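Numbering (the working numbering), first residue to last: 4 to 144.
Built from N, CA and C at the ideal position, the CB exists for glycine as well.
Given the structure is predicted, the values throughout are model-derived calculations rather than measurements.
Notes follow once the structure below has been shown.
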Amino acid sequence: MQQLHPFHLAIPVNSLEPSRTFYRETLGCEEGRSSDHWVDFNFFGHQLVLHVKESSEANSENSNPVDGKEVPIPHFGVVLSMEQFETLGNTLKEKGITFIIEPYIRFQGKTGEQATMFFKDPSGNALEFKAFKNRNQLFAS
């Protein structure tokens, strides 16, 4: 399998403090550099930067049907190990996170079988966390 490299992603947030608390305390991400208008996080080995958005426009509520569920678009997230996925899912349930799509197994018994869950951060950004039964099938068709 080809070595994967960390990505950099910048996302808009409505307010820095509730978002900072969510990513640090709910998701357990380590905080890095920051200013009054942005903050960096170690997002499972990737750089995530939260930027306060100046506009009051609401996030779009678009979705696509996948496996009988409405998957929000846009969304972002990471691929975890099954153990990390299960631990995070249990932690989020304990913390009362409202799921868009509760943790479940998608494409069961097929190529690309994976566990997945969707939820939103305090600014309405949709996040997906997933774990593959066989990580070598990450890019399988």
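Asked	Found
Residue 117 versus 127, 123, 82, residue with shortest Cα-Cα distance	82
Contacts around residue 92, its chain only, beta-carbon distance under 7 Å, and the 5 residues preceding and following it disregarded	106, 120
Whole-angstrom distance between residue 89 and residue 142, CA atom to CA atom	22 Å
Assigned exposure category for residue 100 - 16 Cβ within 10 Å defines buried	buried
Rounded separation between residue 12 and residue 39 - CA only	19 Å
For residue 85, the residue or residues it bridges with in DSSP	Answer by DSSP bridge pairing: none, since residue 85 is not bridged.
Contact under 9 Å by Cβ, residue 34 with residue 74	no
Whole-angstrom C-beta distance between residue 103 and residue 122, which should lie under 8 Å	6 Å
Residue 29 and residue 98 closer than 9 Å at C-beta	yes
With 16 other Cβ atoms within 10 Å as the buried cut-off, status of residue 69	exposed
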